[in-house]
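Report on the structure given below.
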Amino acid sequence: MELILLNEILSSLKKNCNETLLHYYYVMNTYYLSSYFAPTLREDPADAEFPSHKLLVRAGFIKPVGAGIYSLMPMGWRVVKKIEKILRQEMNRVGGQEVLLPVTQPAELWRESGRWNDVGAEMLRFKDRAERDMCLAMTHEESIVHMVRGYVKSYRQLPIMLYQIQTKFRDEPRPRGGLIRAREFTMKDAYSFHENEESLDEWYLKLYDAYERIFNRCGLEYIIVESDPGMMGGKIAHEFIAYSEFGEDTIIICPVCGYSANRQVARFKRDDAESEEMRPIEELATPGKESIEEVSEFLGVSPSKTCKAVFYMSEKRGLIFAVLRGDYEINETFLAKAIDDSNIRPARAEEIKACGAIAGYASPIGISGAFVVADTSLISERNLVAGANREGFHLRNVNIERDFKPDITAEIAAAHAGCKCIKCGNTLEAKRGIEAGNIFKLGTRYSSAMSALFLDRNGTEKPFVMGCYGIGSGRLMATVVEQSHDKDGIIWPENIAPFDVTVVLANEKAKIKLDELKSELEKAGVEALIDDRDLRPGIKFKDADLYGIPIRITMGRKVEEGIVELRERKTGEVQEVRISELSECIAKSRSKECV
RNA sequence: CGGGGCGUAGCGCAGUCCGGUAGCGCACCUGGUUCGGGACCAGGGAGUCGCCGGUUCAAAUCCGGCCGCCCCGACCA
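Residue numbers are given in the working numbering: position 337 of the first sequence equals residue 1273, and the series is strictly consecutive.
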């Protein structure tokens, strides 16, 4: 009875409403470009540099609003929603539960963890009407701990993992590359809580697998590397790096044993000890030769036989004098770890002078008031050229220990292509990439600072052992474009394409068979964008390529015979197909692993 | 934060050196011819020249200050 009534209402709705209105009642799988908002630009935007940035703007997926701030237009939002669907599925699959944490947060939360003071200008702060300190969340460890503490009190309730897909804001000193490094961005962040390290280790591996599935489903080519936990304060971390020449991360890889790490944490094997005898130190005039290149060229020695000095200012230890082999660069992450102070910055000229060193002619010999850190490479080197701490002079035959004693010796040099692998000794390579995701073992950094405690099996109160796992959804969209495009536009992997199929109506006759075609599309169960605009076909083809929709169906010359053209965006392969067989053909040309 | 560049119509740009009616291409609107890889003809609409101040009879243009955006570096889950 009620059903009949409902049907009557529906059919009267159908009669009285135009198609556009019916969009509100049905989930639409088909859209018409003549009324769809996906404006394309013929030319590259002037201020874009990265291919993904140019293409996403040109194809009408995103629009820049301010530095590092973007709006998503319908096409872009569709892609991001598909990525997020994959993220949700894979998070749920490993036991995640979705939540939503606030973007606007009171300072109190951040004072508890200590990060209100630790984090600098990267966090956007402001006051509310009552003059309370507030901030925009740049990450959500504090709020997730706040959510569970007090509720999860027993080891019996562990492990548990909560995740969200939420906007974050980081006032990056320099946003770049469109969505690759935006200030406002959306990410999936998951946090797991454990009774002990073992449980976290197990969970970490599950997430590692989940991440591989996610990136595979998104059609990304990536490598997994060890990374620096940085400000997150964790111990072990991995990054999922997508290969891209435009990437801002440098990764060090051993092609032989497979060792791979972010340059920030990449280790390498120092050269074996030299058998050379130590010679007496001599002073040499090197007028105007300040850089390693100049000095080594002037004296005719290899840069590897020189000693480089780099100065930093540390909050804890004052002036840091770092020395390493002349052909190496300093790794600030290592240096910070070696001196146990993450708060370091390059020293200013007057600070360097204060310890008796002369920039350009500096050496650790005869300086005072500086904390000297030597790279382990120096231990095995003999008779190096170093500065004389005297304008225009260098020293020859300098040897560590004999001529100067560092306060610490540690690995503080950055690995680069050509170094030896720490594991197998073979030659390392360097590649560029974009960080698409990361997983961290956080430990008890936040739970103990914020008194998030539970009772373990022995009835002892303990802080949760935590893990955290992030993937930026907007960045992922851009990263996929970086890897998958050609001169004509984007080439979307099927799983995250804004539409499965685009239909180009190439001439007037094409509309005759449109209904027939639509029912085939329905049968195939695909989402379609029909280009019914009153434009020349050339423009439609250009736009279709730019949008990057995997399958293009052209209705034109042979519609009257019931034949259309099916073209794959990726390969450019074209085949003629009877409309009646379309749904089958579409199914065939799409791969099985579709979402 | 250091170095460089840019800001003129929705988009891409010229004009700025040497002050004097604000221009070009694309897009948009009207009419017509076209119609399978960004057509053509004719007509048309659209700009406080980033903002504030100064110099000048007169400023997109010269001078000073500010703001915004991009690139390189520093920085960076």
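Where is the CB? At the ideal position from N, CA and C, for every residue including glycine. Predicted, not measured: the structure shown is a model, and the values here were computed from it.
For this session: With a threshold of 16 other CB atoms inside 10 Å of the CB of Met1214, please say whether the residue is buried or exposed.
Result: Burial check for Met1214: the Cβ neighbour count within 10 Å stays below 16, so the residue is exposed.
Exercise. Looking only at C-alpha atoms, which of Gly1155, Glu1286 and Pro1473 sits nearest to Ile1432?
Worked result: Shortest Cα-Cα distance from Ile1432 to any of Gly1155, Glu1286 and Pro1473 involves Gly1155.
Exercise. For Leu1518, does the count of other Cβ atoms within 10 angstroms reach 16, so buried, or fall short, so exposed?
Worked result: By the Cβ-count criterion, Leu1518 is buried, with 16 or more other Cβ atoms from all chains shown falling within 10 Å of its own Cβ.
For this session: Could you check how far apart the C-beta atoms of Gly1113 and Phe986 are, in whole angstroms? I think they sit under 8 Å.
Result: Rounded, the Cβ-Cβ distance is 4 Å, consistent with contact.
Exercise. For the candidate residues Gly1410, Gly1406 and Gly1492, whose alpha-carbon lies nearest to that of His1174?
Worked result: Measuring from the Cα of His1174, the nearest candidate turns out to be Gly1406.
For this session: Please say whether Glu979 and Ala1146 have beta carbons closer to each other than 7 Å?
Result: No; because the gap between Cβ atoms is not below 7 Å, this pair is not in contact.
Exercise. Should Glu1347 be labelled buried (16 or more other beta-carbon atoms within 10 Å of its own) or exposed?
Worked result: It counts as buried.
Problem set entry | Residue burial classification, Trp1139 (beta-carbon count within 10 angstroms, cutoff 16) | Buried: at least 16 other Cβ atoms inside 10 Å.
For this session: Please name the residue, chosen from Val1161, Arg1261, Asn1152 and Ser1079, that lies closest to Asp1125 on a Cα-to-Cα basis.
Result: Of the candidates Val1161, Arg1261, Asn1152 and Ser1079, Ser1079 places its Cα closest to the Cα of Asp1125.
Problem set entry | Same chain only: Cβ atoms within 6 Å of Lys1524, ignoring 5 sequence neighbours per side | Taken in chain order, the list of residues that qualify is empty.
Exercise. Whole-angstrom Cβ separation of Ser1313 and Arg1206, contact assumed at under 8 Å?
Worked result: Right, their Cβ atoms sit about 5 Å apart.
Exercise. Are Leu969 and Leu1465 touching if we call contact CB-CB under 7 Å?
Worked result: Remark: C-beta atoms of Leu969 and Leu1465 approach each other more closely than 7 Å.
Exercise. Cα separation between Ile1196 and Ala1350?
Worked result: Correcting the residue type first, residue 1196 is Ser in the shown sequence and not Ile. Computed Cα separation, rounded: 14 Å.
Exercise. Exposed or buried, Asn1028, counting other C-beta atoms within 10 Å across all chains shown (16 or more means buried)?
Worked result: With fewer than 16 Cβ atoms within 10 Å of its Cβ, Asn1028 is classed as exposed.
Problem set entry | Three-way DSSP call (helix, strand, coil) for Met1059 in this model | DSSP places Met1059 in coil when its eight states are reduced to three.
Problem set entry | 7 Å CB neighbourhood of Arg1318 in its chain, flanking five on each side removed | When the five nearest sequence neighbours on each side are left out, the beta carbons in the same chain lying within less than 7 Å of the beta carbon of Arg1318 are those of Glu1210, Glu1212, Met1214 and Asn1335, in order along the chain.
For this session: Can you give me the Cβ contacts of Thr1040 inside the same chain, cut-off strictly under 7 Å, excluding the 5 residues immediately before and after it?
Result: Cβ neighbours of Thr1040 beyond the five flanking positions: Met1070 and Leu1072.
Exercise. Which same chain residues, not among the five before or five after Ala1050, have their C-beta less than 8 Å away from its C-beta?
Worked result: Note on residue identity: the sequence assigns Gly, not Ala, to residue 1050. Only Ala1385 meet the Cβ criterion.
Exercise. With burial defined as no fewer than 16 other Cβ atoms inside 10 Å of the residue's Cβ, what is the status of Ala974: buried or exposed?
Worked result: Of the other Cβ atoms in all chains shown, 16 or more fall within 10 Å of the Cβ of Ala974; this residue is therefore buried.
Problem set entry | DSSP state of Ile1375 mapped onto helix, strand, coil | Note: Ile1375 maps to strand in three-state DSSP.
Problem set entry | Per-residue burial, Glu1190 [other beta carbons within 10 Å of its own, 16 or more giving buried] | It should be pointed out that residue 1190 corresponds to Cys in this sequence rather than to Glu. With 16 or more Cβ atoms within 10 Å of its Cβ, Cys1190 is classed as buried.
For this session: Could you please give me the residues that DSSP links to Lys1124 through a beta bridge?
Result: In DSSP, Lys1124 forms a bridge with Ile1101 and Ile1407.
Exercise. Thr1242 to Arg1119, Cα distance in whole Å?
Worked result: When rounded, the distance between both Cα atoms is 42 Å.
Exercise. Alpha carbon to alpha carbon, how far is Arg971 from Tyr1483?
Worked result: As written in the sequence, residue 971 is Ser, which differs from the Arg given in the question. Ser971 and Tyr1483: Cα-Cα distance of roughly 16 Å.
Exercise. What do you reckon, are the CB atoms on Glu1148 and Tyr1179 nearer than 7 Å?
Worked result: The Cβ atoms of Glu1148 and Tyr1179 do not sit closer than 7 Å to each other.
Exercise. To the nearest angstrom, how far is it from the Cα of Ala1258 to the Cα of Arg1411?
Worked result: So the two alpha carbons sit approximately 36 Å from each other.
Exercise. Where does Tyr972 fall in DSSP's three states?
Worked result: For Tyr972, the three-state secondary structure derived from DSSP is coil.
Exercise. How about Leu1060 and Phe1105: do their beta carbons lie closer than 7 Å?
Worked result: Between Leu1060 and Phe1105, the C-beta gap is smaller than 7 Å, which places the two residues in contact.
Exercise. Taking contact to mean at least 3 C-beta pairs separated by less than 8 Å, is the segment 1414–1426 in contact with the segment 1093–1102?
Worked result: Segments in contact, no.
For this session: State buried or exposed for Ile1228, treating a residue as buried only when at least 16 other CB atoms are found within 10 Å of its CB.
Result: Buried: at least 16 other Cβ atoms inside 10 Å.
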